[in-house]
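Have a look at the structure below, then the notes.
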Amino acid sequence: MESLTFRQDIAHWGSGLVNIAWGRAPEKGYFKRVSKFVEMLAINSTIEAVTLPYFATDSIEWIRSASELPDHLRNMHPEDAMITSLNLSPGGNITIFVGSALLIPSLANHTSWSMDPWTSRTIEEKRLLIYLVGPIEDFRYTITKPPEGAYLYLDKSNMQAYAFAWVTFRAGVGRCRDYQCVISSRSTIRSNTRLSLEPHPFTFQALEMATTVAAALAYQNISIPYPSENLNDYIETILLRSYSAAWNSISNLMSTSLAPSRYHPAVPVLVAKVDRARVFGWLGLQLSVTLLSIIFLILQRKVSQIPLLGDVSLAAFYLDTTNLPESDSPYAPIDGALKVHDEDGLLKVKVV
Numbered sequence: 007m008e009s010l011t012f013r014q015d016i017a018h019w020g021s022g023l024v025n026i027a028w029g030r031a032p033e034k035g036y037f038k039r040v041s042k043f044v045e046m047l048a049i050n051s052t053i054e055a056v057t058l059p060y061f062a063t064d065s066i067e068w069i070r071s072a073s074e075l076p077d078h079l080r081n082m083h084p085e086d087a088m089i090t091s092l093n094l095s096p097g098g099n100i101t102i103f104v105g106s107a108l109l110i111p112s113l114a115n116h117t118s119w120s121m122d123p124w125t126s127r128t129i130e131e132k133r134l135l136i137y138l139v140g141p142i143e144d145f146r147y148t149i150t151k152p153p154e155g156a157y158l159y160l161d162k163s164n165m166q167a168y169a170f171a172w173v174t175f176r177a178g179v180g181r182c183r184d185y186q187c188v189i190s191s192r193s194t195i196r197s198n199t200r201l202s203l204e205p206h207p208f209t210f211q212a213l214e215m216a217t218t219v220a221a222a223l224a225y226q227n228i229s230i231p232y233p234s235e236n237l238n239d240y241i242e243t244i245l246l247r248s249y250s251a252a253w254n255s256i257s258n259l260m261s262t263s264l265a266p267s268r269y270h271p272a273v274p275v276l277v278a279k280v281d282r283a284r285v286f287g288w289l290g291l292q293l294s295v296t297l298l299s300i301i302f303l304i305l306q307r308k309v310s311q312i313p314l315l316g317d318v319s320l321a322a323f324y325l326d327t328t329n330l331p332e333s334d335s336p337y338a339p340i341d342g343a344l345k346v347h348d349e350d351g352l353l354k355v356k357v358v
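Here is the structure:
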């Protein structure tokens, strides 16, 4: 991932994957992955085995005093810390918009993503989170809801407020086994049971890139909850989805091998839906046609002077064809139609 443009494309693609897999509802307890390989499977089909990105927030502790901030951040503008965190991300910098919630790595002793050996690991840490609450007008919060009782840093130049929290989390992957994952929507695999945290080579890179994806999700404000409804749910959701999207996009582009897996089709795919009204209506129509045809044949046999059915082998003796034009060719075209009519007790054929 040496190219900055390539890394930025991965991050931007990640935010797009969130829009495929999620809506605004928090959907707590579920892990998801978007894959083009399941696009043709019906909804509610189950997958035998699949790896999903795993991110769990164990706690969110809002900072209530400036003295609780880390030493290196007390004299640092919150926006500068957020920009620094974005610059440390493989996805690079992006516009910080109202509602952005970014995990800030240890700026004093941080391992660069470019130095990561891509070893399989899980990450369990407690990191500082900076949340851009938004502008203040007459001390009233007009865009997002601030955390109750939390310390707010107010930037007097633009009246932007920032809140801080310690977030304890676990990141890695979870593996679905024994058909415990389901196709929840088009191209989307969702866990149906509780998963265990397991190590994976993409964990560190995905967590670093999640910072860029989280800022993009706040800017788009489509597939994330409204922060004014429940701020903690909003924070948990944006962290989970940004990590999942980053892991998903890295996996789609960097994986060198594919693991085959079986699946069970959804029950509605295997069961025909029978509309009884249409079936009986069609049956009634067919029986009516059959009955009317029988009645017609009976009436035709009784009323007609010429039998409807007879011995066709004697047709050459019964039909007088002397009025038909003669030709040496058995396939000579006839200009008109042949008609059989009764004349002097004989059945004569002529062209009309």
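In this note's numbering, the protein residues as written are 7 to 358.
Each residue gets a CB set at the ideal place from its N, CA and C atoms; glycine is no exception.
Apply the 10 Å Cβ neighbour rule to PHE12 and answer buried if 16 or more other Cβ atoms are within range, or exposed otherwise.
exposed
Sorted by chain position, which residues of the same chain lie with C-beta nearer than 8 angstroms to ASN164's C-beta, five sequence neighbours on each side aside?
Excluding positions up to five away in sequence, the list reads PRO141.
Measure the CB-CB distance between PRO111 and GLU242 and report whether it falls below 9 angstroms.
no
Is it a yes or a no for the segment 40-52 touching the segment 91-110, going by three-plus beta-carbon pairs under 8 angstroms?
The answer is no - the segment 91-110 does not touch the segment 40-52, with fewer than three Cβ pairs under 8 angstroms.
Indicate whether the contact test is met: 3 or more Cβ pairs, each with one atom in the segment 165-181 and one in the segment 209-224, closer than 8 angstroms.
yes
Environment of LYS38 [buried if 16+ CB atoms lie within 10 Å]
buried
Do the segment 247-262 and the segment 52-61 make contact, defined as three or more Cβ pairs closer than 8 angstroms?
yes
DSSP-derived helix/strand/coil call for SER163:
coil
For the structure I just gave you, are there three or more beta carbon pairs, one from the segment 78-91 and one from the segment 192-202, closer than 8 angstroms?
no
In the structure shown, what three-state DSSP assignment does ALA251 receive?
helix
Given 8 angstroms as the limit, tell me if THR52 has its C-beta closer than that to any heavy atom belonging to the ligand ADP.
No copy of the ligand ADP appears in this structure; indeed no ligand is present at all.
Residue from LEU23, TYR168, VAL357, ILE66 whose Cα sits closest to the Cα of GLU131
ILE66
In angstroms with no decimal places, state the Cα-to-Cα distance between PRO153 and PRO76.
Using only the alpha carbons, I get a separation of about 19 angstroms.
At what residues does the alpha helix (DSSP H) containing PHE103 begin and finish?
No alpha helix (DSSP H) contains PHE103, which DSSP labels as neither H nor E.
So, at 8 angstroms on beta carbons, what are the nonlocal neighbours of GLU204 in its own chain, with the 5 sequence-adjacent residues on each side left out?
TYR60, THR128, GLY178, VAL179, GLY180, ARG181
Chain-order list of residues whose beta-carbon lies under 6 angstroms from that of ASN25 (same chain, five-residue window excluded)
Excluding its 5 nearest sequence neighbours in each direction, ASN25 has C-beta neighbours in its own chain below 6 angstroms: ILE228, SER229, listed in chain order.
Report buried or exposed for ALA107, applying the criterion of at least 16 other Cβ atoms within 10 angstroms of its Cβ.
buried
In whole angstroms, give me the CA-to-CA distance for ASP144 and GLN166.
Residue placement at ASP144 cannot be trusted, given a pLDDT of 44 that sits under 50; what the coordinates show is reported in the next sentence. So the two alpha carbons sit approximately 12 angstroms from each other.
Distance between beta carbons of LEU223 and VAL173, contact taken as under 8 angstroms:
VAL173 to LEU223, Cβ: 16 angstroms. No contact.
In terms of alpha-carbon separation, which member of ILE300, LYS356, ASN198 lies closest to GLU332?
LYS356
Taking the C-alpha atoms as reference points, what is the distance between ASP326 and GLN292?
The alpha-carbon atoms of ASP326 and GLN292 are separated by roughly 40 angstroms.
Which runs of the alpha helix (DSSP H) fall wholly inside the segment 152-210 and span at least 4 residues, in chain order?
Qualifying alpha helix (DSSP H) stretches: none in this window.
Option nearest LEU134 by Cα separation, candidates SER118, SER91, TRP119:
Nearest to LEU134 by alpha-carbon distance, out of SER118, SER91, TRP119, is SER91.
Strand pairing of VAL346, partner residues [DSSP]
In the DSSP output, where bridge partners are listed per residue, VAL346 has VAL355.
So, is PHE359 buried or exposed, given that buried needs 16 or more other C-beta atoms within 10 angstroms?
What the structure shows of the chain is the stretch from 7 to 358, and residue 359 is not part of that stretch, so it cannot be assessed.
Rounded to whole angstroms, how far is the Cβ of THR217 from the Cβ of SER21, which I believe are closer than 8 angstroms?
Actually they do not touch by this definition, with Cβ atoms about 12 angstroms apart.
Going by other Cβ atoms of all chains shown within 10 Å of its Cβ, with 16 needed for buried, is ILE16 buried or exposed?
buried
Can you name the start and end residues of the alpha helix (DSSP H) that ARG282 belongs to?
282-309
Residue range of the alpha helix (DSSP H) that LEU58 falls in?
LEU58 -> not in any alpha helix (DSSP H); beta strand (DSSP E) instead, spanning 56-68.
Can you check which of these residues, LEU160, GLN14, ALA114, is closest to ALA72 by C-alpha distance?
LEU160
Looking at the secondary structure, which residues open and close the beta strand (DSSP E) in which ARG39 lies?
Start and end: 38-40.
Within 10 angstroms of the Cβ of VAL40, are there 16 or more other Cβ atoms? Answer buried if so, exposed if not.
buried
Run through the DSSP bridge pairs and tell me what ASP326 is partnered with.
LYS354
Out of LEU344, GLU214, ARG307, state which residue places its alpha-carbon closest to the alpha-carbon of THR117.
The shortest C-alpha to C-alpha distance from THR117 to any of LEU344, GLU214, ARG307 is the one to GLU214.
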